[in-house]
Amino acid sequence: MYKVRLAIASKGKGKSGGARVITFVKVIKEKVYLVSIYDKGQLDNLSKDQIVELLKKAGLI
3 MYKVRLAIAS
13 KGKGKSGGAR
23 VITFVKVIKE
33 KVYLVSIYDK
43 GQLDNLSKDQ
53 IVELLKKAGL
63 I
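Residue numbers for the sequence shown follow this note's numbering, beginning at 3 and rising by one.
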């Protein structure tokens, strides 16, 4: 699983006020799954338990 911070130029706040992209790489079939994208101004962070729940709902774990 990878968490990446992205700047949103229109907000003018750099990475700290941008978005977060959470991806999960499943090597078996060479696929990358997008788990979540959220604006850090609306949600500070997803907990490990929340991410695990998202992965379970998607059938990835």
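Think of the CB as a built atom: it goes at the ideal place given N, C-alpha and C, for glycine as much as any other residue.
The structure presented is a predicted model; accordingly, all values stated were derived computationally and were not measured.
Contact set for residue i: own chain, Cβ-Cβ below 7 angstroms, skip 5 residues either direction
i     : result
Leu56 : Val37 and Ser38
Phe26 : Met3, Tyr35, Val37, Leu57 and Leu62
Ile10 : Gly20 and Ala21
Close Cβ partners of residue i (< 8 angstroms) along its chain, the five nearest in sequence each way excluded
i     : result
Ile53 : Met3, Ile24, Val37 and Ser38
Tyr40 : Ala21, Arg22 and Leu48
Of the residues the options, the one placed nearest residue i, counting alpha carbons only
i     : options                      : result
Ala60 : Lys28, Val6, Glu32 and Lys42 : Lys28
Output the residue ranges of the beta strand (DSSP E) runs that lie fully inside the stretch 5-60 and measure 3 residues or longer, sorted by chain position.
Residue ranges of uninterrupted beta strand (DSSP E) with 3 or more members, entirely inside the stretch 5-60 and ordered along the chain, are 21-28 and 33-41.
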